[in-house]
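Q:
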Amino acid sequence: MAVRTAGNVLVVFIWSLAGVELESIRLVIRNPDRWMQRTPPSPQKTNPRGLNTSSASQYASSGPRRMAPINVVLGQYGWSVTYTTQSICALKGSTVQLSCSYTYPSGYASWYNVIKTFWFTKVYPVENYVSLSDDPVYKGRVSYRSNMRNGHTLTITDLRESDSATYKFRFITDQTGGKYTGDPGVTLSVTDLQVKVTPYSQTATWKTLTCSTTSCPLTGNPTYTWYKNGQIVTEKISPYSVYPDAADSYSCAVKGREALHSPAVYNPKSTSVSVSPSGEIVEGSSVTLTCSSDANPPVQSYIWYKKNGGGYQSMTGPQHVFNQIQSLDTGEYSCVAQNEMGTDRSRTINMDVKYGPKSTSMSVSHSGEIVEGSSVTLTCSSDANPPVDKYTCSEDSGEYYCEADNKYGRLNSSYVSVDVQYGPKNTSVSVSPSGEIVEGSSVTLTCSSDANPPVDKYTWYKNGASLTGSEKTYNFTTISSEDSGEYYCEADNKYGRLNSSYVSVDVQC
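The working numbering applies: residue 1 is where the sequence shown begins, and numbers increase by one.
1. Taking a contact to mean a Cβ-Cβ separation below 8 angstroms, would you say TYR355 touches ALA384 in this structure?
2. Determine whether the beta carbon atoms of TYR333 and LEU378 lie at a separation below 8 angstroms.
3. Could you spell out where the beta strand (DSSP E) holding GLY423 opens and where it closes?
4. For SER249 and TYR266, I'd like the C-alpha separation in whole angstroms.
5. Mind pulling the beta strand (DSSP E) runs of 3 or more residues that sit fully within the segment 300 to 344?
6. Spell out the partners DSSP gives THR210 in its beta bridges.
7. Considering only the alpha carbon of each residue, which of SER441, CYS335, THR478 and VAL353 lies closest to PRO277?
8. Using CA atoms only, rank isn't needed, just tell me which of VAL507, THR205 and ALA465 is closest to TYR488.
9. From what residue to what residue does the beta strand (DSSP E) around HIS261 run?
10. According to DSSP, which residues form a beta bridge with LYS179?
11. Sort out for me which residues DSSP pairs ASN497 with in a bridge.
12. If you pair each beta-carbon of the segment 244 to 261 with each one of the segment 319 to 327, do three or more pairs fall below 8 angstroms?
13. Tell me which residues share the same chain as SER382 and place their Cβ nearer than 6 angstroms to its Cβ, disregarding the 5 neighbours each side in the sequence.
14. Taking the DSSP output, what are the residues bridged to LYS116?
15. Using CA coordinates, which residue listed in SER241, LEU445, GLU482 and VAL282 is at the minimum distance from ASN406?
16. Alpha carbon to alpha carbon, how far is VAL123 from PHE171? Give it in angstroms, no decimals.
17. Would you tell me roughly how many angstroms separate the C-alpha atoms of THR166 and GLY185, rounded to the nearest one?
18. I believe VAL242 touches LEU193 by the beta-carbon criterion, under 8 angstroms. Please report the beta-carbon distance rounded to the nearest angstrom.
19. Let's test the definition: count the other Cβ atoms within 10 Å of the Cβ of ILE479 and tell me whether it reaches 16, buried, or not, exposed.
20. Measure the CB-CB distance between ASN147 and THR103 and report whether it falls below 8 angstroms.
21. Does the distance from the C-beta atom of GLY93 to that of ASP158 stay below 8 angstroms?
22. Could you check whether the segment 79 to 87 touches the segment 133 to 145, counting it as contact only if at least three pairs of C-beta atoms, one from each stretch, sit closer than 8 angstroms?
23. Please list the terminal residues of the continuous beta strand (DSSP E) segment that includes PRO357.
24. By how many angstroms is the C-alpha of GLY78 removed from the C-alpha of ARG49?
25. Which class does PRO454 belong to by DSSP, given the choice of helix, strand or coil?
26. Can you list, in chain order, the residues of its chain whose CB lies under 8 angstroms from that of GLU235, leaving out five sequence neighbours each side?
27. By the three-class DSSP mapping on this structure, what secondary structure does TYR415 have?
28. On the CB-based measure, 16 or more other CB atoms within 10 Å of its CB, does ALA259 come out buried or exposed?
29. Whose C-beta lies closer than 7 angstroms to the C-beta of ALA491 among residues of the same chain, with five residues either side of it excluded?
30. Less than 6 angstroms between C-beta atoms, sequence neighbours within five positions excluded: which residues of the same chain meet that for ALA90?
31. Roughly how many whole angstroms lie between the Cα atoms of SER500 and ASP419?
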């Protein structure tokens, strides 16, 4: 676009991409009739962002002439940003400075006034650049400093690993399109120090400590300051060999930056075992034991131990899971945490598994035969946790059983038969058939007695004199009047004897 005013021509060049204006430049040509193109322009590549390449066409005065066509190829009119370095590796927690200088077309300085300068890492759509001074992530940690020679310095304090990014400088003038971003920027990598531990062997106590960065390498061959339990022990190039005690910790720092220590490395400590869920552990439930330990480097392996039993390696890291815990799992447990620096054992915790009565049984205290009148104890036993708080004994037809109860359940024992031995009792004689006894009929006398063991001998008596025979019955096949009299029997077993009452037998003629 060209506008002629009072003998001058204002030429405006606008570069756009997909209809979006990227950059523009304004040229004022005084006395345009006196200018003509002396040599044809050579086509050059243009940069719509920065006016960075090619040179302007050459012109010469040839006196008053009519205005000839003007071909202007955008040239490198001094739009630039020069960084002092393209990459920096800095320690976490330190302060870093990024510096640059910038230029813009000096031939048009009267039309360009720089109104804003800033550094950024984030760009949102439609060229929405976020200055670090407005970014909440950097709040209170960034500052800008400019000088009269178009120099600019960004200072970031208390560096964080999340600050690792590419930082670019941008300046904006008061003219449309008069803005510029310096590429490629400065790549900042923020690294932390770490101590790597290498045992001499699986069983050796000597360790090799190496101080290194976690990401980018520091330049040069830095000397390190080594610390033991927070106190300086040596200044030397890494690695460093030590024979650590269980309570020792080691850290390192780059000499000259002693305030920026690496995290300390040390044996596992404060190792403990916790049980989940908390509270009472009931048989059949799921229980998890967790081994916790404070260690750097992190714990490599955990070993679990049960008192009075061998240790076993946990296959699931710091946890040992009982999917359905059993009463046999009751016991005292501890764990050992191990890292490259050493080991630490937890205190023992008692895991008390609760369960209802099991293996309930009834026993008889008396050995051998139980004789009536002796002392006999029936005992109900049951395995339970907590112990059985209630026993109930029952008898069914001479067989006994018990029931054991606690808060987690109840269980009956099997039946127990108690066989009490005693001598004959309730001895009596009965006559068959009953009623009148007629001479010549058949009559049977029967002796009955309650005894345990059963009566093994019967003795019959008539009118006080014993009769022959020792059977339970005394038979008259053909009774006669001479058989009339008073009869009784005597019942015997190993524990005693007992006579029956008299029975009168009156034979009718």
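Quick reminder that beta carbons are idealized off the backbone N, C-alpha and C, glycines included.
A: Working from what's here:
1. Here the question's residue 355 lines up with position 355 in the sequence shown. Here the question's residue 384 lines up with position 384 in the sequence shown. The answer is yes: Cβ separation under 8 angstroms.
2. As a working note, residue 333 is residue 333 in the sequence shown. As a working note, residue 378 is residue 378 in the sequence shown. No, they are not a contact pair.
3. Translated into the one-based positions of the sequence shown, residue 423 becomes position 423. From DSSP, the beta strand (DSSP E) with GLY423 extends over 420 to 432.
4. In the sequence shown, the residue the question calls residue 249 occupies position 249. In the sequence shown, the residue the question calls residue 266 occupies position 266. Cα-Cα distance, rounded: 5 angstroms.
5. 301 to 306, 311 to 313, 319 to 322 and 331 to 339
6. If you number the sequence shown from 1, residue 210 lands on position 210. Answer is LYS196.
7. Reading the sequence shown from its first residue, position 277 is the one you call residue 277. With distances taken between Cα atoms, PRO277 lies closest to VAL353.
8. The count along the sequence shown starts at 1 and reaches residue 488 at position 488. The shortest C-alpha separation from TYR488 is found at ALA465.
9. Position 261 of the sequence shown holds residue 261. Run containing HIS261: none; DSSP gives neither H nor E here.
10. By one-based count along the sequence shown, residue 179 stands at place 179. The partner list for LYS179 (beta bridge, DSSP) reads ILE172.
11. Residue mapping note: residue 497 aligns to position 497 of the sequence shown, counting from 1. Sequence check: residue 497 is Arg here, not Asn. ASP492, per the DSSP bridge assignment.
12. no
13. Looking up residue 382 in the sequence shown gives position 382. PRO357, THR360, VAL388 and ALA404, listed in sequence order.
14. Translated into the one-based positions of the sequence shown, residue 116 becomes position 116. DSSP lists ILE172 as partners of LYS116.
15. The residue labelled residue 406 in the question sits at position 406 within the sequence shown. With distances taken between Cα atoms, ASN406 lies closest to VAL282.
16. Here the question's residue 171 lines up with position 171 in the sequence shown. Here the question's residue 123 lines up with position 123 in the sequence shown. Distance between the alpha carbons of PHE171 and VAL123 is about 15 angstroms.
17. Locating residue 166 in the sequence shown gives position 166, where the first residue counts as 1. Locating residue 185 in the sequence shown gives position 185, where the first residue counts as 1. For THR166 and GLY185, the distance between alpha carbons rounds to 6 angstroms.
18. In the sequence shown, counting from the first residue as 1, residue 242 sits at position 242. In the sequence shown, counting from the first residue as 1, residue 193 sits at position 193. Not confirmed; about 17 angstroms, so no contact.
19. Locating residue 479 in the sequence shown gives position 479, counting from the first residue. Counting Cβ neighbours within 10 Å, ILE479 comes out buried, since at least 16 surround it.
20. Taking the sequence shown and counting its residues from 1, the one referred to as residue 147 is at position 147. Taking the sequence shown and counting its residues from 1, the one referred to as residue 103 is at position 103. In this structure, THR103 does not lie closer than 8 angstroms to ASN147 by Cβ.
21. Stepping through the sequence shown from its first residue, residue 93 is reached at position 93. Stepping through the sequence shown from its first residue, residue 158 is reached at position 158. Result yes, Cβ atoms of GLY93 and ASP158 sit closer than 8 angstroms.
22. no
23. As a first step, residue 357 is located in the sequence shown; it is residue number 357 there, counting from the start. Note, PRO357: beta strand (DSSP E), 353 to 364.
24. Position 49 of the sequence shown, counted from the start, is the residue given in the question as residue 49. Position 78 of the sequence shown, counted from the start, is the residue given in the question as residue 78. Note on ARG49: pLDDT 38, under 50, position unreliable in the model; the coordinate value appears next. Cα to Cα, the separation comes out at about 13 angstroms.
25. For the purposes of this step, residue 454 is identified with residue 454 of the sequence shown, where counting begins at 1. Looking at PRO454 - three-state DSSP - the assignment turns out to be coil, as it is neither helix nor strand.
26. Along the sequence shown, read from residue 1 onward, the residue named residue 235 stands at position 235. For GLU235, where only same-chain residues beyond five positions count, the Cβ hits under 8 angstroms are THR223, TYR224, THR225, TRP226 and LYS255.
27. Reading the sequence shown from its first residue, position 415 is the one you call residue 415. Coil at TYR415, not helix or strand.
28. As a position in the sequence shown, residue 259 is number 259, starting the count at 1. Exposed.
29. Taking the sequence shown and counting its residues from 1, the one referred to as residue 491 is at position 491. Cβ within range, chain order: PRO424, THR427, CYS447, SER449, ALA451, VAL455, TYR458, ARG497 and LEU498.
30. Here residue 90 refers to the residue found at position 90 of the sequence shown. Excluding residues within five positions, the ones whose Cβ falls inside 6 angstroms are VAL96, LEU159 and VAL190.
31. Working through the sequence shown from its first residue, we reach residue 500 at position 500. Working through the sequence shown from its first residue, we reach residue 419 at position 419. If I take the Cα positions, the gap works out to 25 angstroms.
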